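Chains as they are written, first to last, in this note's numbering: chain A, 436 to 1237; chain B, 586 to 937.
Even glycine gets a Cβ: it sits at the ideal position worked out from N, Cα and C.
Bear in mind that the values here come from a model prediction, so they are computed numbers and not experimental data.
Below is one structure, written out as structure tokens; the observations come after it.
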Amino acid sequence: MKLSLRWLSRHVDLTGLEPKQILADLTMSTAEIEGLERFGDGLECLVVGHVRQCERHPDADKLSVCQVDLGAAGGVVQIVCGAANVAAGQRTVVIRPGDTLPAQGGKGALKIKASKIRGVESNGMICSEAELGLAEAAPGILVLPADAPIGARFVDVLHVQDWVFEIDNKSINHRPDLWGHYGFARELAAIYGRELKPPVVPVPFPVEGRSVAVEIRDRDACPRYCGLVIDGVVAGPSPHELRWQLAAVGQRAINLPVDLTNYVMLDLGQPMHAFDARHVGTGPIRVRRARDGESITTLDGHKRKLTAQDLLICSGDKPEALAGIMGGEGTMVEAATTTLFLESANFHAATIRRTSMRLGLRTDASARFEKAQDPANAELAVHLFVDLLRRYCPSAKPLGPLVDPAGFRYEPKRIVLRRARLHQKLGLALEDPRVLGILESLEFGVTVTAAGFEVAVPSFRATKDIAIEDDLVEEVGRMFRYDNIPEVPLRGVIEPPVRNEELFLQRRLLEVACTDLGCSEVYNYSFVPDAVVDACGAAAHAYVLVENPTAPEQSRIRRHVLPSLLASAVPNLRQHAEVRLCERGKGYHPEMADEHQLPHEVHELAFVWTRRDGAHPFGELREAIAALLARLGYPAELQRVWHGKDQPWVHPHRAVAIDRDGSPVGFVAHLHPAIARTMALPATTAIACLDVRALLANGRKIARYQPVPTFPPLPVDVALLVDEAVSVAQVAEFLRTVGKKLVRDVQLFEVYRGERLPAGKKSLNFTVTLGADDRTLTDQDEGKYLGKVREQAASIGGELRG
Amino acid sequence: MDTTARREHWLRAIAAAADPAALAAIDTRLFGPKGEVPEFVRSVTALPKDERPAFGKAANAVKVEVEQALAARREQFAAAALAQELAGSAFDPTEPGPRAARGTLHPITIVQNELVDLFTSMGFRWEDGPEVESEYFNFDALNIPGDHPARESQDTFWCKAQPGLGRNLLRTHTSPVQVRTMQRLTRQGFHAPLKVVVPGRCFRSETVDKTHEHTFYQMEGLVVDRDVSTANLIHTMKTCLRVILERDVQVRLRPGFFPFVEPGFELDVNCPFCSGRGCSVCKQSGWIEILPCGMVHPNVLRQGGIDPEAYTGFAFGMGLQRVVMLRYGIDDIRQFMGGDLRFLRQFPEVAR
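The following block contains the structure:
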């Protein structure tokens, strides 16, 4: 919303205050001001010219050659003018050669030069309102009052320049009173301790005469409806001052009655509707809920289907307006209108909001009503409208009484503001007079009591905004200015905070994965694109679906982290020869629900390691994950072959489960080759995933001290020839069992496959470290061990080599 | 040969040794088994008694001198060898070795971890909450009833109805964890103080561009205790910003409206890009909006099972992306979710 400084100044004297200061003070006490601009900026160079002579251009029918007297600003100059309405005797606005018209709308700035137009010299330009940026379009040049002093600066003759503040609408959503200038004027009066003038001078209405009866069928939806019939209206264009005032705040001028309804709305925040009285006829005006299936064509030409939730303004039973949102087609005041039926009503905020939302029809009126306007304003607005109308159109007069069947009696809401509560919440002992001054400046009624203040809330703050004691704390705090409250540290007992082990574990896992293992942490959206789901073969799974996704193909919420992480490896692999990505994230499984009817949530840490050179990082990743878990005190076994249940991206024969005390907490795998192909990733990509909650379930394992061996270890190299089907883990287990207590460590150092071996066989070459606590082992021990290995190798289908 | 002649003979031999091997040979010849020098010293026994003391003294002096000469020569060789070793083969210290691991944490993670460290050091617990959230926790429990306009201003992503699931949404802020935490802690009676931070992912349906993201990160904070005030909030927030932005920030606290706090504030920091003079980043205002916050609304405390008469509290919801962008000078918010290693690898730190 835009606020005009000139407009505000009508309600409160702001002399001596810089616009920038006002901006800062409103921001600090009331609402965020997003911008400040000068309306009519750059018009200082324009001067008043008197058209002495005006003759047809000898060579062009539509051009006139004018002799324009600029007085002290340049004497008499010749200007060729294209406007149809230019005539001798007019006072006009002239820009002289060398001066520049400011940029307007889409048009850039225009520098004026002396030139010849169809052979006739022209020294300047006579301007229209559009060229000055004061209207969107203009039928001809701007003609000034006959008493405008010749040669004077245009901006000194008429009030055109203004300062305009741009309010962030979001910051006044909770303040119905701030949806018009008067509300902001009240704030400024309170901030600067200046006097606020009354909003309107009451106008007497006839006690008898023509009126239209009003029937409010739903008092909850329409707490108040004021109607007035006004005759003698001339619906021509509004005078400059009104048009420019509206233009300054971005409101297009239409005709006098409509402009005035807009003016009143922008002043008091009270939307009004001016019907052509012929349309309303004898009425009665009926405010009722729509019937399901009923429709109305609104004045923007759209036919709107209604439901029983919507509220209509009808003449008799015929819908004339969508209450509080928009008038019906054809009800608008036009040039031919002479008699108005003026509506100034109050509507239930949520009713208006629901209809406006459902129809996607947001107007200045609906924006205000949905904030819960003060019913008192409905009547004030009529007075203000009539007062202004008579000023600009003396022939206009109310034909009969103001019809106001509901009326409005306000018994002020009373709230006790306890002194102790105020001081406690602000953290500052504000003195009573200060508190009293602030509340009274905002038009609260205040009685000081022993415990604090008894506060009567004015009607314009009572609809929604001020409801509880704490709301009053805010009023005092913001006017005192929060910035003036000295900071105070929190006090209390010193105790270590309760640790959420899962969060700390997740954090350390990531830190170690990134710092020790060389992973780069990636964030992917929770929305997993359909293309990725399809490529990963996971389209048949159940997903949480978003009703209103940013794009239709992104409505799924991921179940697992890996698919999107695989997708983010693709572009990175084009830039880097080797990519190691990890991501922590949540996955959602809608087929299971928790106690709040929320989908089951999994907390994962996923890894994708891939290289362009075809080398396979699986083994490296497996070792890395084992080291990572050991580092954090969660050592695990990565031995058991796993088949990738529910995770189609897992190679069904090339994966190990990550087990802790026998229960799985994740896996390390080859990427499934078919998925690798559709994702355009190397078939050698390695993947892993940890379920952080499962990992936590079996607790942290604190390392146990083992005495450092006193006797030297005895390393023995063992090469075993086995079938390809026999795993390293099986053989290692065999080597350990055979040596019983003597085996301290079994490490594979080579897997040999080659021509010298029988087909389908491999040689696994281990270093087995033997040791004893009570003696130094000898060659005999080595011989005995190898003997046992040789004897028992058959149990795993193996054979000791060499 | 007499003493002088032998001395000179030996010293010459030592001086003439061409390399450590030759010197070692001379050492053996002079001092090894049957070495010339001890033999010479022992030859004293062949002399008459009265000549012995003089000879013995002279011979010993020669022995010491020869030993020293040998040692000095050895030193020389060692020094030359070391000099040669140092001069050695060509070495380029700028030649890179094998790469150290090049992993990086996401910049939001780095900043989030630092904030968590800061707040846990002040006694806050670190908590988490679901990203797919119920309408109740995201709105109703936070004093945002069904008809409240604040609901639309949050551009909520709603979830489709599914069997067994309630009316769910993607949380629009981390604030639902306020009531979740309070409810969890008050089930067995509330013990003040409650201090908690909740960093996490939030969602609002916005069109993504350089300054807007539909997926963003917030860090919620909540303090509930007897006698918590706005003055405490100001201090806590200033401390937090000073630490995280690593400068002595200026802040201003102005009114802001959020239904779950009363009073509500917006906290701005002076713009680091223009030092408050006004620039495009701060839209010429000199201030950057960074921290919506406020005193917890009594209705929210009630939802959490806490008596608002006995306790007060403050809450804040810091936009993490904004803080990260300020700290590193990042001007395009899309980078955070872009997954591009060329961006991510620019931030090799871990939390301080």
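Problem - Residues of the segment 945 to 974 of chain A whose Cβ lies closer than 9 Å to any Cβ of chain B, in chain order - result: Leu945, Glu946, Ala948, Cys949, Thr950, Asp951, Leu952, Gly953, Cys954, Ser955, Glu956, Val957, Tyr958, Asn959, Tyr960, Ser961 and Phe962
Handout entry: Element boundaries [alpha helix (DSSP H), containing Pro605(B)]
Key = Pro605 to Phe616
Handout entry: Alpha-carbon to alpha-carbon, Gly615(A) and Phe962(A)
Key = 42 Å
Handout entry: The beta strand (DSSP E) enclosing Cys1124(A), as first and last residue numbers
Key = Ala1121 to Asp1126
Problem - Under the three-state DSSP convention, the category Phe640(A) falls into - result: coil
Exercise for the section: In the DSSP assignment, find the unbroken beta strand (DSSP E) run with Tyr1069(A) in it and report its ends. Expected result: Here Tyr1069(A) belongs to no beta strand (DSSP E), and DSSP marks it neither H nor E.
Handout entry: Proximal chain A residues relative to His820(B), where beta-carbon distance stays under 8 Å
Key = Glu922, Val923, Pro924 and Leu925
Practice task
Answer with buried or exposed for Lys619(B), where buried requires no fewer than 16 other C-beta atoms within 10 angstroms of its C-beta.
Solution key: exposed
Practice task
For the beta strand (DSSP E) containing Pro623(B), list its first residue and its last residue.
Solution key: Premise fails: Pro623(B) lies in the alpha helix (DSSP H), Glu621 to Arg627, not in any beta strand (DSSP E).
Exercise for the section: Kindly indicate if chain B contains any beta-carbon less than 8 Å away from that of Lys542(A). Expected result: no
Problem - CA-to-CA distance, His1107(A) to Pro1087(A), given in whole angstroms - result: 7 Å
Exercise for the section: Give a yes or no on whether the minimum CB-CB distance between Thr1045(A) and chain B is below 8 Å. Expected result: no
Practice task
Pull up the distance between the alpha-carbon of Leu671(B) and that of Gly923(B), whole angstroms please.
Solution key: 50 Å
Exercise for the section: May I ask which residues mark the beginning and end of the beta strand (DSSP E) holding Trp1044(A)? Expected result: Pro1034 to Arg1046
Handout entry: Cross-strand partners of Val595(A) (DSSP beta bridge)
Key = DSSP lists no partner for Val595(A).
Exercise for the section: Consider the Cβ of Thr742(A): report whether some Cβ of chain B lies at a distance smaller than 8 Å. Expected result: no
Problem - Cβ of Leu596(B) within 8 Å of any chain A Cβ - result: no
Handout entry: Length-filtered (4 minimum) alpha helix (DSSP H) runs lying within the segment 562 to 637 of chain A
Key = 564 to 567, 589 to 592 and 616 to 627
Practice task
Specify whether the segment 498 to 507 of chain A and the segment 578 to 588 of chain A touch according to this definition: at least 3 beta carbon pairs, one from each stretch, less than 8 Å apart.
Solution key: yes
Problem - Alpha-carbon spacing of Glu566(A) relative to Asp694(A), whole angstroms - result: 21 Å
Handout entry: Cβ-Cβ distance between Gly835(A) and Gly644(A) below 8 Å
Key = yes
Problem - DSSP-derived helix/strand/coil call for Met922(B) - result: helix
Problem - Selection of the segment 702 to 732 of chain B by Cβ proximity to chain D, strictly under 8 Å - result: You won't find chain D in this structure, because its protein chains are A and B.
Exercise for the section: Grab me the residues of Phe843(B)'s own chain with a C-beta within less than 7 Å of its C-beta, minus the 5 sequence neighbours each way, in chain order. Expected result: Gly849, Pro877 and Gly879
Exercise for the section: Specify, as a first and last residue, the run of the beta strand (DSSP E) that Trp872(B) falls within. Expected result: Trp872 to Val881
Problem - Buried or exposed (CB count within 10 angstroms, at least 16 for buried), Arg654(A) - result: exposed
Handout entry: C-beta neighbour in chain B for Thr985(A), strict 8 Å
Key = yes
Problem - Residue environment, Phe625(B), which counts as buried when at least 16 other CB atoms sit within 10 Å - result: buried
Exercise for the section: Express the C-alpha separation of Glu878(A) and Gly889(A) in angstroms, rounding to a whole number. Expected result: With the sequence shown as reference, residue 889(A) is identified as Glu, and Gly is not the correct amino acid for it. Going from the Cα of Glu889(A) to the Cα of Glu878(A) covers about 13 Å.
Exercise for the section: Indicate whether His820(B) and Cys787(B) have their beta-carbon atoms separated by less than 8 Å. Expected result: no
Practice task
Could you check which residue in Glu764(A), Gly718(A) and Ala758(A) has the C-alpha nearest to that of Asp735(A)?
Solution key: Glu764(A)
Handout entry: Per-residue burial, Asn493(A) [other beta carbons within 10 Å of its own, 16 or more giving buried]
Key = One point to set straight first is that residue 493(A) is Pro, not Asn, in the sequence displayed. Classification for Pro493(A): exposed.
Exercise for the section: Decide if the segment 849 to 860 of chain B is in contact with the segment 888 to 904 of chain A; the criterion is three or more beta carbon pairs, one per stretch, under 8 Å apart. Expected result: no
Handout entry: Opening and closing residue of the beta strand (DSSP E) in which Val1173(A) lies
Key = No beta strand (DSSP E) holds Val1173(A); the alpha helix (DSSP H) holding it covers Val1163 to Gly1174.
Problem - Rounded C-alpha distance that separates Ala1028(A) from Met707(B) - result: 36 Å
Handout entry: Proximal residues to Val1005(A) (C-beta, below 7 Å), its chain only, five neighbours per side dropped
Key = Met1114, Ala1115 and Leu1116
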